[in-house]
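**Q** 54 is the number of the first residue of the sequence shown in this note's numbering; add one for each residue after it.
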Amino acid sequence: MELPSDFINMLSGLLPEGEAAELLEALRETPPPVSIRLNPDKVGPGEVFDSLGCSTDGAVPWASDAFYLDRRPLFTLDPKLHQGVYYVQEASSMFMEQAVRSCVSGPATFLDLCAAPGGKSTHIASLLPEGSILVANEIQRGRANILAENIIKWGRTDVIVTCNTSRQIGESGLMFDVIAVDAPCSGEGMFRKESQAVADWSLATVDMCAARQRMILADIWPALKPGGFMIYSTCTFNLSEDEDNVRWLIGEFGAEPVPIQTEPLWNIYGALDGSDIPVNNFMPYRTRGEGFFIALLRKPGSWSPSSRSKSAKRAAEVRFPELERWVAGADGFRFFMERDSIYGLPAALADDMLEIGRLLYPLVRGMDVAVKKGHDLIPSHALAMSCALCADSFNRVEVSREQALSYLRCEAVQFENAPKGFLLLTFMGRPLGFVKNLGNRANNMYPREWRIRMSV
């Protein structure tokens with residue numbers, strides 16, 4: 054890999070000579086490790102490795118339920134990926150877990166501002182205590198759709214996916230206990246994974262990214278409760294986008310840096326500018342992962358909830374017999390219908406989630422359950438993926454890997470000996486999705502926009 058000369062010179066000024074050479078060699082010569090994170094609500098590790106046909110190459114030390122693999126399998130053709138059983142995620146970025154554990158001790162309203170494609174959001178969703186709400190936001194609609202897909206597959210019911218700008222959220226009046234800003238950056242830490250990042254890099258790009266990051270941080274700061282926490286991260290090495298932006302938050306807003314607990318064996322670097330600001334830098338020659346920077350900051354003050362009343366405009370609340378059967382613990386949910394779509398929200402969180410949905414532009418609210426067509430309810434694919442699915446309420450058909458892949462390609466499928474009506478397909482005992490069996494054929498209900506386009 055040919056690295057930009059300005060990048061090489063920049064690293065030489067940041068690190069001791071020998072270490073700069075080690076980092077450059079790691080970027081040029083060593084392959085990136087492969088890592089996945091399991092969905093603790095859906096699976097144990099042995100099942101995943103059997104499906105992938107590979108072995109673990111050790112645990113990711115700073116993240117629970119996360120493992121390195123001994124090789125990179127063809128993930129797209131593993132049905133378990135599409136079941137939301139695991140997420141393919143770069144290991145260094147999983148350190149988000151330590152930041153969350155350092156600032157969340159009880160139910161929290163959490164905003165992941167720049168959330169696509171969903172690795173950090175699915176991770177955060179698994180970490181937050183019961184009674185929390187996660188808002189996973191992405192400004193670009195195409196990327197927000199991908200985020201929504203990954204959140205739906207993860208199966209949580211306490212997540213809202215939105216498509217808003219940082220300014221819109223900052224001016225919405227919503228207030229969050231924690232805001233994670235994994236800011237769009239120059240991508241230096243991903244050079245060995247993404248050749249386009251190398252081609253696009255320049256000192257001018259670094260300056261542009263740093264300015265944009267400060268704009269995003271300034272936009273969203275009003276939405277952070279006094280006493281709340283901001284997690285700021287990038288996949289870069291340079292000071293402009295990392296340490297300098299942390300210093301800017303301290304100087305501009307009085308943000309208070311907070312240490313994140315680490316272990317010496319993790320070999321995580323501190324501040325590259327030689328200061329004692331408690332930040333964390335992941336270097337590919339020291340840690341098994343890509344370049345990553347993360348800092349935790351607290352907003353000064355304390356929070357007293359205002360008496361601002363919630364909107365009187367409410368979605369239509371509904372109750373159908375099918376919902377009682379299809380959703381496990383249906384009494385713990387409230388169900389709402391907009392146009393012909395029915396979604397469920399945890400009852401204890403419903404008012405707050407409705408208010409968030411009213412003030413922002415939601416793509417996913419809690420759990421999409423069904424579409425009402427005439428007098429009938431059609432179960433949604435999101436219901437099949439949900440951890441709140443009552444699988445026993447549907448006739449089930451276990452499918453082979455070949456049948457599962459046909460289904461995931463939205464190809465025609467047939468189950469002549471199965472009962473007519475809605476069937477829940479399972480792969481290795483876990484829900485894969487719905488079909489409507491007509492006897493001579495079955496209508497494939499997998500979302501076409503999610504279909505596998507890769508051939509075997």
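We treat Cβ as the ideally placed atom computed from N, Cα and C, and that holds for glycine.
Alpha helix (DSSP H) containing residue 62: first to last residue?
**A** On the sequence shown, residue 62 is found 9 positions in, with the first residue counted as 1. Element bounds for residue 62: 58-67.
**Q** Which of the three DSSP states is assigned to residue 445 in this structure?
**A** In the sequence shown, residue 445 corresponds to position 392, counting from 1. Residue 445 falls in the helix class under three-state DSSP.
**Q** Taking the CB atoms as reference points, tell me whether residue 212 and residue 483 lie closer together than 8 angstroms.
**A** Within the sequence shown, numbered from 1, the residue matching residue 212 stands at position 159. Within the sequence shown, numbered from 1, the residue matching residue 483 stands at position 430. Contact flag unset, no.
**Q** Out of 194, 151 and 197, state which residue places its alpha-carbon closest to the alpha-carbon of residue 176.
**A** What you label residue 176 is simply residue 123 of the sequence shown in a count that begins at 1. Taking only the C-alpha atoms, the option nearest residue 176 is 151.
**Q** Residue 345 to residue 80, Cα distance in whole Å?
**A** Against the sequence shown, residue 345 aligns to sequence position 292. Against the sequence shown, residue 80 aligns to sequence position 27. The alpha-carbon atoms of residue 345 and residue 80 are separated by roughly 13 angstroms.
**Q** Does the segment 327-342 come within contact of the segment 379-396, defined as at least 3 CB pairs closer than 8 angstroms?
**A** no
**Q** How big is the Cα-Cα spacing for residue 75 and residue 338?
**A** If you number the sequence shown from 1, residue 75 lands on position 22. If you number the sequence shown from 1, residue 338 lands on position 285. Going from the Cα of residue 75 to the Cα of residue 338 covers about 6 angstroms.
**Q** Closer than 7 angstroms by C-beta to residue 443: which residues in its own chain qualify, once you throw out the five before and the five after it? Chain order, please.
**A** If you number the sequence shown from 1, residue 443 lands on position 390. Closer than 7 angstroms at the Cβ level, and outside the excluded window around residue 443, lie 378, 379, 380 and 381.
**Q** Looking at the secondary structure, which residues open and close the alpha helix (DSSP H) in which residue 196 lies?
**A** Your numbering for residue 196 matches position 143 in the sequence shown. Note, residue 196: alpha helix (DSSP H), 194-207.
**Q** Mapping DSSP to helix, strand and coil, what is residue 365?
**A** The residue labelled residue 365 in the question sits at position 312 within the sequence shown. Note that residue 365 scores a pLDDT of 48, beneath 50, so its modelled location is shaky; the value from the coordinates is reported in the next line. Residue 365 falls in the coil class under three-state DSSP.
**Q** Among 173, 240, 118 and 136, which has the Cα closest to the Cα of residue 6?
**A** Because the chain here runs from 54 to 509, residue 6 falls outside it and cannot be looked at.
**Q** Just how far apart, CA to CA, sit residue 365 and residue 408?
**A** Counting from 1 along the sequence shown, the entry for residue 365 is found at position 312. Counting from 1 along the sequence shown, the entry for residue 408 is found at position 355. Because residue 365 carries a pLDDT of 48, less than 50, the predicted location of this residue cannot be relied on, and the following value inherits that uncertainty. The alpha-carbon atoms of residue 365 and residue 408 are separated by roughly 10 angstroms.
**Q** On the premise that residue 113 lies in contact with residue 120, defined as a C-beta separation below 8 angstroms, what is that separation, rounded to the nearest angstrom?
**A** Working through the sequence shown from its first residue, we reach residue 120 at position 67. Working through the sequence shown from its first residue, we reach residue 113 at position 60. So it is a contact: roughly 6 angstroms between Cβ atoms.
**Q** State buried or exposed for residue 115, treating a residue as buried only when at least 16 other CB atoms are found within 10 Å of its CB.
**A** Residue numbering aside, residue 115 sits at position 62 when the sequence shown is read from its first letter. Around the beta-carbon of residue 115, 16 or more other beta-carbon atoms lie within 10 Å, marking it buried.
**Q** Taking the alpha-carbon of residue 497 as reference, which of 230, 508 and 467 has the nearest alpha-carbon?
**A** For the purposes of this step, residue 497 is taken as the residue at position 444 of the sequence shown. The shortest C-alpha separation from residue 497 is found at 467.
**Q** If you draw a straight line from the alpha carbon of residue 452 to that of residue 458, how long is it in whole angstroms?
**A** As a working mapping, residue 452 is identified with position 399 in the sequence shown. As a working mapping, residue 458 is identified with position 405 in the sequence shown. In a straight line, the C-alpha of residue 452 is about 10 angstroms away from that of residue 458.
**Q** Between the segment 155-173 and the segment 182-192, do at least 3 Cβ pairs fall closer than 8 angstroms?
**A** yes
**Q** Grouping DSSP H, G and I as helix and E and B as strand, with all else coil, what is residue 499?
**A** In the sequence shown, the residue the question calls residue 499 occupies position 446. Coil, per DSSP.
**Q** Can you tell me whether DSSP reads residue 74 as helix, strand or coil?
**A** Indexing the sequence shown from 1 puts residue 74 at position 21. The answer is helix: DSSP assigns residue 74 an H, G or I state.
**Q** Assign residue 229 to one of three DSSP states: helix, strand, or coil.
**A** Against the sequence shown, residue 229 aligns to sequence position 176. DSSP places residue 229 in strand when its eight states are reduced to three.
**Q** Output needed for residue 154: all residues of its chain with C-beta closer than 8 angstroms, excluding positions within five of it in sequence on either side, in chain order.
**A** Counted from its first residue, the sequence shown places residue 154 at position 101. These residues qualify, in order along the chain: 180 and 314.
**Q** Quickly, what does DSSP pair residue 143 with across the bridge? List them, please.
**A** For the purposes of this step, residue 143 is identified with residue 90 of the sequence shown, where counting begins at 1. None; residue 143 has no bridge partner.
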